[in-house]
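Residue numbers (this note's numbering), protein chains in the order written: chain A, 1 to 593; chain B, 594 to 1186. Before any comments, here is the structure.
Protein chains: 2
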Amino acid sequence: MPRYTAPTKDLSFIIHDVLKATQSGIPGYDELEADFTAAIFEEAGKIASGLLQPLNTIGDREGCTLENGVVRTPTGFKAAFEQVKAGGWPGLDMPEQYGGQNMPALIGTAVGEMFSASNQAFTMYQGLTHGAASAILAHGTDAQKDMYLPNMVSCEWTGTMNLTEPHCGTDLGLMRTKAAPQGDGSYKITGQKIFISSGEHDMAENIIHLVLAKIEGGPEGIKGVSLFIVPKFNVNEDGSLGARNGVAVGSIEEKMGIHGNSTCVMNYDGATGYLLGEQHKGMRAMFTMMNEARLGVGMQGLAQADAAYQNAVDYAKDRLQGRAVTGTENPDGPADPLIVHPDIRRSLMEQKSFTEGARAFLLWGATLIDAAHRSGDNDADGLVSLLTPVIKGFVTDQGYDMTVKAQQVYGGHGYIEEWGMSQYTRDARIAMIYEGANGVQALDLVGRKLAQDGGKHVMAFFDLVKGFCKDNAGQDEAFDRDFIEPLKAASKDMQAASMYFVQNGMKNPNNALAGSNDFMHMFGHVCLGLMWARMGNAAREALVGGASDAAFYETKLATGRYYMARQLPATALHLSRIQSGAETVMALDAANF
Amino acid sequence: MPRYTAPTKDLSFIIHDVLKATQSGIPGYDELEADFTAAIFEEAGKIASGLLQPLNTIGDREGCTLENGVVRTPTGFKAAFEQVKAGGWPGLDMPEQYGGQNMPALIGTAVGEMFSASNQAFTMYQGLTHGAASAILAHGTDAQKDMYLPNMVSCEWTGTMNLTEPHCGTDLGLMRTKAAPQGDGSYKITGQKIFISSGEHDMAENIIHLVLAKIEGGPEGIKGVSLFIVPKFNVNEDGSLGARNGVAVGSIEEKMGIHGNSTCVMNYDGATGYLLGEQHKGMRAMFTMMNEARLGVGMQGLAQADAAYQNAVDYAKDRLQGRAVTGTENPDGPADPLIVHPDIRRSLMEQKSFTEGARAFLLWGATLIDAAHRSGDNDADGLVSLLTPVIKGFVTDQGYDMTVKAQQVYGGHGYIEEWGMSQYTRDARIAMIYEGANGVQALDLVGRKLAQDGGKHVMAFFDLVKGFCKDNAGQDEAFDRDFIEPLKAASKDMQAASMYFVQNGMKNPNNALAGSNDFMHMFGHVCLGLMWARMGNAAREALVGGASDAAFYETKLATGRYYMARQLPATALHLSRIQSGAETVMALDAANF
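Pasting the structure below:
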């Protein structure tokens, strides 16, 4: 059975040594002293390892069941959800006004990683509620906030996002779900939504569905889409629950993974709904949820990769097979442990350097969100908007690959469900798909975000890399060679790719879009390269300063050197693909596939 | 529900236009006229699409069940097996002496791809029997051949390979299964074997287990391993079945995929076994099976990729979502089909260019086997021995990635089991693991095969590439630019990598082994590059010659150009990783992972 240990020390290193949170000037960050955050992470880690991890396999095996309109979650989920709620975890980074603890997104992200790593399917119930609550917080009236948020912040009520219909996923303009105005300000919602995570279950007394629908007589396509609050049980003025609304689960999907989360077909049959935000501006409101959800999904990619990696390390140290080519390392045993073999090392180093780099990437992203929300920093807002598809697309693609590599370390045992490694790959797989499949992320990045505000955000990113290199070069020859130079080279590749898009995308947009996936991955590598350079620099400074835990910082530097030497050079391949243009990609008539 | 169409036209193109089989001079190849092979492929294609494909999903859902020592295969498997046997398919490339049709491996490989693509789990029952029969053919006494082969060639009896034990997979020297000589030439076999594919089932009247075990008092480790024939039912002198032998299934494994194949724990409790080949030379005999099995597994990687690709194409043409960025292509519909989008194209072209290239690679490999076996061509034997780990490791790694890409085209529907795309990834995953995990293939390639016979086989490979380039350059400027030049560059990268190993592997073997996975992939890309250059050249010649089906050949050239422009340049990245050496890979103490 897999185990999970929360990466509390690594989180502290990133937040304090690398991001230097308390010195950032972001409101609320001054309270994040190392002792304080360590205490939070330790408690969250206990919940993750002790409570959620043991339920992960159970959730996978039992799945959810639907009987007579009632969805039952796996054994132990309901009791664990009560415990998570009692600890106040769901409201960690929600406003105090609605019962939250008002922590920054930085802390929410760190804790979210632990919960997701130990049990992704379980944590989704809470995660979707968080997203729905954020949308109400951003777009709801005061009355709506007062009516729904306290119970959603505590997870007494959970939330959902209803976008997809059988014939439309990415292209929401094709939507058929209708909203008929009732004259009293409410609407009757009718239609079918599919792939609704946590759509129906037995862990909350009410479920608040956020539903995209078209108001009758409104504009065609995506411009006629509005967002509605559709509670499972209507809520009375006094906050008590009223009659059951006209929304019901039709079926639950049999999926490749995340079996512990109920993925529902939801039927809206004249259900009462309340407009959230403005008429026909549903996409804008939905994007509040989507952007948050996309970062959360990126985090899932990292989380599954780390959990799988931890178990692969255990197995590689434990399993005796063959002898080290450079001489026996375990002379008293019948064979050496797998970890002596270079190709096993290569795989583990790929996993380790990815997860630690991605963790820094996610936490850096969270500081940008906090800077945007808490300090009104528009530049941070623009930058995180640019980075969102990279965090979602790159981290989940790579995160999935890492779970496959971790599974591979187990050999045949990796393929047997009993050992639990298959679940990591099956659960991680969904992150590449939902909240906008990764191809859509790449399209969003290259087709929209890159040129946004005249390309100023990507310029700011290049300046940031350049600034780091300038500020930190020349102090340590080895550091310059191992970190600064590779980062410069990778950033140069990315600039060349951007230039290619500018020069060739105008005359034929396919020249940009055919390279969108490569650009997203290239951008991700440069971000992780920057993270590793920052982490390496922090580790170097700690060692120069005579830090007591030298082994930790030496390991950081060694792991970073691996990433810079072996992973970051992928940018050159991505560049060469991008520069080959759209011609070979678009050459065939559809009939010739 | 997924569909499968046999690639009969593509097989004919490769065999006749590219490999020019009938002109090769290999005994038996003169009979392979285009009409004749087309007739075989058409019949095999019907079995694949009509009989095996519909059972693929059923096999996945039902799996195998064990009750009172009896393993039941999924609904329809037994009847289909009877039909496959009646058609004589299992003995296609087996000697006529034992009831086979004596076709070359080339034809066996082509038909095997179709069967595997339509139903991998089902086809394994037949595939393992083929491997076991080959081992008996190569190492058995005449009496053993007469006793077992006729029924194995027809698949009246099936076969298995028993290597793995709970504590030992790759490192078979740790084996504990014992063989006690009985004085009458037989042995009593005692021990437990795990992960035994087709170990027990209800489709054959007898099962011939080939079992590795250590004869008591023999040498320690791998040098004391012998191979035994252990029939489920003892076979009487007259060929009739005798008493049940002391071998029984202990349990069946719950796996990530290939649910239709029974993966068994087999308990040998003083079972009567008969030495196959020489005492303590079991590994040599086993490798007859292993090498054949490794090529067969490489073929599975290709087969699953192609089946998944075909369905991804259907979906991409059918699913309407969004509009082409260069202008509406389906003005009468609510949206354009997915296939108009450049990133979907990119994914489909990756899949298409891989599967067609890998198909040529596998068939070329089969001609080398035929040349070795039928013409006694030692150079061909050495080359295919070098290529075997590349075919197994590269084609299954990439094949798996392609199934993931095909699944991704489906968006959310790809994650729902009902649509069948998850099964392709789950089934394809095992091919990276069994018959030697791909890390072991890379080790075999770089640690053993590369330097075999003084490196003469890899030199021969380079000469082959050089010869092709020399012979075919200068006739068509575009062909030189699009095919010859990229192939030369990739081959140069691979030569540089080989040189790096020679110069740095001696002083520290880790410098070679840390790059083994990259080298295997680089080698694979060069092989597919060579295949595409050969296919492109054949297509070019056909067009110059005024071939009637111009669209087919134009499509070949366009697909090849994609591979050369976008996939083959990966060799440069692999080279840079290899040249970074072992230092960053081996830097950490095991405790610091």
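Positions of the beta carbon are idealized from the N, C-alpha and C atoms, including for glycine.
Terminal residues of the beta strand (DSSP E) in which residue i lies
| i | result |
| --- | --- |
| P181 of chain A | K178 to P181 |
| N378 of chain A | First-last for N378 of chain A: N378 to V409, but that is the alpha helix (DSSP H), not the beta strand (DSSP E). |
| N755 of chain B | W750 to N755 |
| N472 of chain A | Element bounds for N472 of chain A: not the beta strand (DSSP E) but the alpha helix (DSSP H), K456 to N472. |
| D1182 of chain B | Unbroken run through D1182 of chain B: none, as it is neither H nor E. |
Partner residues on chain B for residue i, Cβ-Cβ distance less than 9 Å
| i | result |
| --- | --- |
| G357 of chain A | Within chain B, no residue comes near G357 of chain A; the closest Cβ sits about 14 Å away, beyond 9 Å. |
Reference residue i; option with closest CA among the options
| i | options | result |
| --- | --- | --- |
| T517 of chain A | A:A442, A:A542, A:C527 and A:N119 | Reading off the sequence shown, one finds Asn at residue 517 of chain A, where the question assumed Thr. Selected option, being the one with the closest Cα: A:A442. |
| Q694 of chain B | B:E635, B:F670, B:F826 and B:E624 | B:E624 |
| A39 of chain A | A:C64, A:S12 and A:T65 | A:S12 |
| T355 of chain A | A:D401, A:E253 and A:S385 | A:D401 |
| N1101 of chain B | A:V325, A:I578 and A:G376 | A:V325 |
| I15 of chain A | A:M535, A:E554 and A:G581 | A:M535 |
| Y187 of chain A | A:G257, A:L276, A:L149 and A:A138 | A:L276 |
| A582 of chain A | A:G505, A:L387, A:N537 and A:K255 | A:G505 |
| A909 of chain B | B:G692, B:K998 and B:M892 | B:K998 |
| T123 of chain A | A:Q304, A:F361, A:V446 and A:H341 | A:Q304 |
| F394 of chain A | A:G221, A:D377, A:Q408 and A:I433 | A:I433 |
| G474 of chain A | A:Y424, A:N537, A:M499 and A:N510 | A:N537 |
| M1092 of chain B | B:D1142, B:V1039 and B:E1070 | B:V1039 |
| T65 of chain A | A:L174, A:A179 and A:S262 | A:S262 |
Terminal residues of the alpha helix (DSSP H) in which residue i lies
| i | result |
| --- | --- |
| P647 of chain B | Q646 to E655 |
| S118 of chain A | A105 to S118 |
| H934 of chain B | From DSSP, H934 of chain B is part of no alpha helix (DSSP H); its letter is neither H nor E. |
| H521 of chain A | S516 to V544 |
| Q914 of chain B | Taken as a continuous stretch (DSSP letters only), Q914 of chain B belongs to no alpha helix (DSSP H), as it is neither H nor E. |
| N206 of chain A | It is not in any alpha helix (DSSP H) - N206 of chain A instead sits in the beta strand (DSSP E) that spans N206 to I215. |
| E636 of chain B | A627 to K639 |
| M740 of chain B | D735 to V746 |
| F1145 of chain B | A1143 to Y1155 |
| D444 of chain A | N438 to D444 |
| D1020 of chain B | M1014 to R1022 |
| D10 of chain A | T8 to S12 |
Neighbour list for residue i in chain A, Cβ cutoff strictly below 7 Å
| i | result |
| --- | --- |
| L1181 of chain B | T555 and A558 |
| N827 of chain B | Residues of chain A passing the Cβ test: none, with the nearest at roughly 30 Å. |
| L1036 of chain B | D343 |
| S791 of chain B | Chain A residues near S791 of chain B: none, gap ~15 Å exceeds 7 Å. |
Beta-carbon neighbours of residue i, restricted to chain A and to distances below 8 Å
| i | result |
| --- | --- |
| A806 of chain B | None at all; the shortest Cβ gap to chain A is about 17 Å. |
| A1107 of chain B | P342, D343, R345 and R346 |
Contact set between residue i and chain B, taken where Cβ atoms lie within less than 8 Å
| i | result |
| --- | --- |
| K317 of chain A | A1183 and F1186 |
| T164 of chain A | G1005 |
| V230 of chain A | Per Cβ cutoff of 8 Å: no residues; V230 of chain A is ~21 Å from chain B at best. |
Close beta carbons around residue i, own chain, < 6 Å, minus the five adjacent residues each side
| i | result |
| --- | --- |
| N151 of chain A | W157 |
| F1094 of chain B | A1105 |
Close Cβ partners of residue i (< 7 Å) along its chain, the five nearest in sequence each way excluded
| i | result |
| --- | --- |
| R912 of chain B | P930 and L931 |
| V576 of chain B | With chain B covering 594 to 1186 only, the question about residue 576 of chain B has no answer from this structure. |
| A1126 of chain B | F1061, F1076, I1077 and L1080 |
| N755 of chain B | K786, I789, H802, L803, V804, L805 and M859 |
| G662 of chain B | A841 and V842 |
| K816 of chain B | H873 |
Other residues of its chain near residue i: CB distance less than 8 Å, five sequence neighbours each side excluded
| i | result |
| --- | --- |
| I1009 of chain B | S1015 |
| Y1156 of chain B | S946, F947, G950, L1121, G1122 and W1125 |
Contacts of residue i in chain A (Cβ-Cβ under 9 Å)
| i | result |
| --- | --- |
| P688 of chain B | Those do not exist, as P688 of chain B stays about 32 Å from chain A at its closest Cβ, beyond 9 Å. |
Heavy atom of the ligand NAP within 7 Å of residue i beta-carbon
| i | result |
| --- | --- |
| L941 of chain B | Here there are no bound small molecules, and the ligand NAP is not part of this structure. |
Residues that residue i contacts on chain B, provided the C-beta gap is smaller than 7 Å
| i | result |
| --- | --- |
| A582 of chain A | P935 |
Exercise. The stretch 831 to 850 of chain B: which residues have C-beta closer than 9 Å to a C-beta of chain A, in chain order?
Worked result: Those would be E846, E847, K848, M849 and G850, in chain order.
For this session: Select from the stretch 1039 to 1057 of chain B all residues with a C-beta closer than 8 Å to any C-beta belonging to chain A, and list them in chain order.
Result: G1040
For this session: Give, in chain order, every residue of the stretch 1071 to 1094 of chain B whose Cβ lies closer than 8 Å to some Cβ of chain A.
Result: none
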